[in-house]
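Structure first, commentary second.
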Amino acid sequence: MPAGGRPSIAARIGARARAMLDRARGRAIAGHVDAAREGVLYGWAWRADAPDCRLLVDIFVEGRFVGQALAHLDRPDLRDAGIGDGRYGFELLVGDRLTSDLRGVRAFALAGRRRVELMSPASRRETTSIGDPQDYLRATFAGLRARDGCEASPPGRAPQGAHPRWERLLAPSAPGGPTNYIAHIAHRERIASDSDKGRLLRDYLLRYGRRRGRMRAPLSAGDIAYLTAGPNGDAPLAPGRAQALLGRGARNDDLAAACAWAIYDSASLGVEDCLVPASHRRALATPDSASESMTAPLSPFMRRFLAGSPALTTIPWDDEAGRKLAWFALLLFATVMPQVLNYMPAEGVARFALAGAPDEAAFDDFLAKLFGATGYSTARWRADIARAGYDLARQDFASRTQDGGRLYAAARPAPEAPLVDVQLVGPFTRRLGVSDSCRALASALQQTGRSLRLCDYTLDHPNTSRDSGPLALAPPGPARVTILHLNLEDIPAAIAYWPDVFTDTRLVAFPYLELSKPEAVHRLGLELVDEVWAASRFIADTLGSHAPTHLLGTACKPVAAIGRSAARSRAFGTSIDKEAFVFLTAGDAYSGAHRKNPLGAIAAFRAAFPDETDVRLVVKTHSRQRIGEASERETWQAVDQAVQNDPRILLMDRVLEDDEMAALLEGADCLVSLHRAEGFGYHLIEAMRLGAPVVATAYSGNLDFCTPQTAWLVDCALRPIVAGEYPRASADQTWAEPDLASAVAALHAVRCEAQTRALKTAAARELVARDFSTDALAARVGTRLARCLGEV
């Protein structure tokens, strides 16, 4: 549900039904955990006997306290159901541990001296007495106690100093325009970037930033100043611009509204680290003159928080022991809600911040009494605060940069690792062609004799995971040369979210590209690197005029052939007759059905063999159910229809292990790729290595190894890419349209001309062994590295 938006019809009907059910049961507290989407939990809570009361809700996932929400957001569906004024919704940004099925999620509304469980799939409908504040804290933060043996040494943060690539991310893309990073995301996420600044920032934060959550989407100091503008000398508690833009406009310019934004609403949107106006922070954190001289003074925020929490209202404020208990309670809340530290008196926070701080012993004593002999201590508390993204030494979120901007990389500690010659970063543990290429490059680099570090990168790679196998993967660290084996559109995020291992290194991109010219979404990635290594001449030609580019090629992974008969038996079992001639076309759904063009292969197969019964076409794919684009789904529906209409066509829709895929390629009589564009074409070269004939479109990256001597090339004509066929393709982009008659002739030739088939497959094997072996790639990479390292 977008901020301030209406829930779905199903959710509204559900809310109405649940409200009536609770009324029928005479419950004073009604509520429900409705949904979880992209790490955000949605629900509502209402007190029938006090409809003006806005309840606090404690939320647990798998028994661990993950945060507190304030049920005060407007929900028209609740109002329509007759539930008071409808302002009883709550949202909490939980992050990755939250699953869409709400597994392990339990939520409790705090009312009077009771904690009442709201309805959810994991609900037990418990109502428990809160007891005294210590009992409440002991039960709520039991997860801290359970973390016995957890590392007590706080992680560091990024080193101070110049970070030129960070500066590039946060610099304006044009005078008066958005930052380079926001402009990049606008292209990638299809956010209208020609709108006014406020709307662009709103869409960026709601559609992209909230999904990133506590990974903190980049914002410049100028963006933050713009979004926090609003308060002034006459109205220091006036709402900042962000509150209205993000659907959290305050009804009052008072301390209560400022507190709700600072603690709850901003956190639900993932902006509590940067979008609370400075005047709000001062007003909430500065003790009044009457309490300033007291030991353990309470700030206005602390007083409001304690008074508003039924579990903590009995803490006495008028004596030192009570105030210290209040401090200790808030310090525990800070482990999951670190923003509370911004609104506690700075001098008081400093008394706990560093080892040997004045109040460390008192806090240790409190923790020991609260949790028993579990070892939870002030030192471990400091480590938990650091893990939550807060820098106690600076008393601010670690994501805040030196110049007042915001970048998750700023909160990542400087890596403690030895300097290596080469660091290779890529999606080693994801099942896709780029991963195969990354592994091939790793093998080649190992043969160069250079010191090497391999780092797995999975951000924004939803593909099925794969085992790392014999690869020794490690966290990133310093390197003389760092190779980002990522697509260009992924490089800005690597800079924004990874520790800064990119400043004192020669940064190389090893991207794949299927378009004949780079798009706007590729520009920032090109600007951030020092040079590009290309796997194919097609990629080198595409990028050569935009960045220093070197054609390195790639390597085919070594696969041991098991023999056609054994491979065929393993791939097809008894589902296909031994005598049938099997054509195979393959491509995972993430690669794009329009680009891979399975319908083209189906059309060519049916036209080539309209009546033959001894031929088969296997369409191999996976992950179709995870595709959201309507036109892609329509293409796969057409494939399904073709399979239903022609029993000779078989659909294989599942993930295969590497040896299973190799058996499929070796067991087929021909691999058909009527693609419209390929950056390289790994399945094609793997099939050649295993001796399978290849029919392929005569266009793009596969032409480095698909020649008239090694494959049957299908004629094609360039045509414009139609809107919806390829993500973010501009109107002037083109790709190939394979000629049906040429494809039909190629399929006939493969099946009927045994001698030509033998000649071409032999030539293909020879070419792959000579130019695309690990040894050949290692030689090319070694030569280029010597130049990068200044040895030539």
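Everything in the sequence shown is counted per our numbering, starting at 7 for the first residue and increasing by one. Quick reminder that beta carbons are idealized off the backbone N, C-alpha and C, glycines included.
For residue i, the residue or residues it bridges with in DSSP
{"i": "W323", "result": "DSSP output for W323 lists no bridge partner at all."}
{"i": "D80", "result": "R93"}
{"i": "A117", "result": "R120"}
{"i": "H38", "result": "W50, M125"}
{"i": "V700", "result": "L677"}
{"i": "G531", "result": "According to DSSP, G531 bridges with nothing at all."}
{"i": "D64", "result": "Q74, F114"}
{"i": "R695", "result": "DSSP output for R695 lists no bridge partner at all."}
{"i": "R412", "result": "L225, R406"}
{"i": "A723", "result": "E743"}
{"i": "I489", "result": "L430, V514"}
{"i": "L465", "result": "BP columns for L465 are empty, so no partner."}
{"i": "W718", "result": "V701"}
Buried/exposed call for residue i, threshold 16 Cβ in 10 Å
{"i": "R103", "result": "exposed"}
{"i": "Q345", "result": "buried"}
{"i": "N493", "result": "buried"}
{"i": "A416", "result": "buried"}
{"i": "H754", "result": "exposed"}
{"i": "S295", "result": "exposed"}
{"i": "G475", "result": "exposed"}
{"i": "Q647", "result": "exposed"}
{"i": "P744", "result": "buried"}
{"i": "S135", "result": "exposed"}
{"i": "C758", "result": "exposed"}
{"i": "D40", "result": "buried"}
{"i": "Q74", "result": "buried"}
{"i": "S443", "result": "buried"}
{"i": "E520", "result": "buried"}
{"i": "P424", "result": "exposed"}
{"i": "L791", "result": "buried"}
{"i": "A599", "result": "buried"}
{"i": "E618", "result": "exposed"}
{"i": "S6", "result": "Outside the modelled stretch of the chain, which goes from 7 to 798, sits residue 6, for which no answer is possible."}
{"i": "A395", "result": "Rather than Ala, the amino acid found at residue 395 in this sequence is Gly. Buried, because 16 or more other Cβ atoms sit within 10 Å of the Cβ of G395."}
{"i": "K766", "result": "buried"}
Neighbourhood of residue i by C-beta distance below 8 angstroms, restricted to the same chain and skipping five residues each side
{"i": "R543", "result": "L557, G707, L709, D710"}
{"i": "V355", "result": "L347, L398, Q401"}
{"i": "G11", "result": "Residue confidence for G11 is low, a pLDDT of 46 falling below 50, so the modelled location carries little weight; the figure read from the coordinates is stated next. Once the five neighbours on either side are set aside, the close Cβ partners of G11 are G253."}
{"i": "P524", "result": "L494, L532, T548, L549, H552"}
{"i": "T319", "result": "L312, A313"}
{"i": "A335", "result": "P139, L143, L312, L318, I321"}
Cutoff 7 angstroms; reference residue i; Cβ partners in own chain excluding five residues on either side
{"i": "A23", "result": "Its pLDDT being 47, under 50, A23 is placed unreliably in this model, and the value from its coordinates should be taken loosely. Excluding sequence neighbours, A23 sits near nothing in its chain."}
{"i": "L460", "result": "L430, F434, A448, L477, A478, L479, A480"}
{"i": "H169", "result": "D506, T509"}
{"i": "A613", "result": "L746, V750"}
{"i": "G579", "result": "none"}
{"i": "D271", "result": "R254"}
{"i": "F66", "result": "V72, R112"}
{"i": "P322", "result": "G328"}
{"i": "G788", "result": "T454"}
Cβ neighbours of residue i in the same chain (closer than 6 angstroms, five flanking residues each side left out)
{"i": "L233", "result": "R247, A248, L281"}
{"i": "A674", "result": "V588, L590, A698"}
{"i": "E132", "result": "E123"}
C-beta neighbour in chain B for residue i, strict 9 angstroms
{"i": "A448", "result": "Among the chains of the structure shown, chain B does not appear; only one protein chain is present."}
(message) Quick check: the region 662 to 676 against the region 568 to 585, are at least 3 beta-carbon pairs closer than 8 angstroms?
(response) Inter-segment contact for the region 568 to 585 and the region 662 to 676 is present: three or more beta-carbon pairs are separated by less than 8 angstroms.
(message) Which complete beta strand (DSSP E) runs does the region 601 to 684 hold, if anything under 3 residues is left out?
(response) Every beta strand (DSSP E) stretch that sits fully inside the region 601 to 684 and reaches 3 residues is listed by chain position as 621 to 627, 655 to 659, 676 to 679.
(message) I'd like to know if the region 675 to 682 and the region 602 to 622 are in contact, where contact means that at least 3 CB-CB pairs between them fall below 8 angstroms.
(response) Short answer: they touch.
(message) Quick check: the region 91 to 98 against the region 119 to 129, are at least 3 beta-carbon pairs closer than 8 angstroms?
(response) Short answer: they don't touch.
(message) Report the start-end ranges of each alpha helix (DSSP H) in the region 535 to 603 that is 4 residues or longer and not cut off at the edges.
(response) Every alpha helix (DSSP H) of 4 residues or more that sits fully in the region 535 to 603 is shown, in chain order, as 543 to 549, 570 to 578, 599 to 602.
(request) Spell out a yes or no on whether the region 174 to 191 and the region 720 to 730 are touching, meaning 3 or more CB-CB pairs, one atom from each, closer than 8 angstroms. (result) No, the region 174 to 191 is not in contact with the region 720 to 730.
(request) Mind the definition here: the region 493 to 505 touches the region 520 to 535 only if three or more C-beta pairs lie below 8 angstroms; say whether that holds. (result) By the criterion of at least three beta-carbon pairs nearer than 8 angstroms, the region 493 to 505 is in contact with the region 520 to 535.
(request) May I ask you to verify whether the region 273 to 291 touches the region 343 to 362, counting CB pairs closer than 8 angstroms and requiring at least 3? (result) Yes, they touch.
(message) As an exercise, report each continuous alpha helix (DSSP H) stretch of at least 4 residues that is fully enclosed by the region 248 to 320, in chain order.
(response) Restricting attention to alpha helix (DSSP H) runs no shorter than 4 residues, the region 248 to 320 encloses them at 261 to 266, 284 to 291, 295 to 298, 306 to 314, ordered along the chain.
(request) Quick one: which unbroken alpha helix (DSSP H) runs of 4-plus residues sit fully inside the region 755 to 798? Chain order, please. (result) Scanning the region 755 to 798 for uninterrupted alpha helix (DSSP H) segments of 4 residues or longer gives 760 to 777, 780 to 794, listed from N- to C-terminal end.
(message) Across the region 370 to 382 and the region 305 to 322, are there enough close Cβ pairs to call them in contact, namely three or more that are closer than 8 angstroms?
(response) Too few Cβ pairs lie closer than 8 angstroms, so no.
(request) Inspect the CB distances between the region 615 to 635 and the region 655 to 663 and report whether three or more fall short of 8 angstroms. (result) Judged by pairs of C-beta atoms under 8 angstroms, the region 615 to 635 touches the region 655 to 663, as three or more such pairs exist.
(request) Write down every uninterrupted run of the alpha helix (DSSP H) in the region 192 to 241 whose length is 4 residues or greater and which is fully enclosed by it, in chain order. (result) Those alpha helix (DSSP H) runs which fall completely within the region 192 to 241 and span 4+ residues are 203 to 209, 227 to 234.
(message) If contact is defined by three or more beta carbon pairs under 8 angstroms, each pair taking one atom from either stretch, is the region 407 to 415 in contact with the region 219 to 237?
(response) Touching, yes.
(message) Across the region 686 to 703 and the region 713 to 721, are there enough close Cβ pairs to call them in contact, namely three or more that are closer than 8 angstroms?
(response) Segments in contact, yes.
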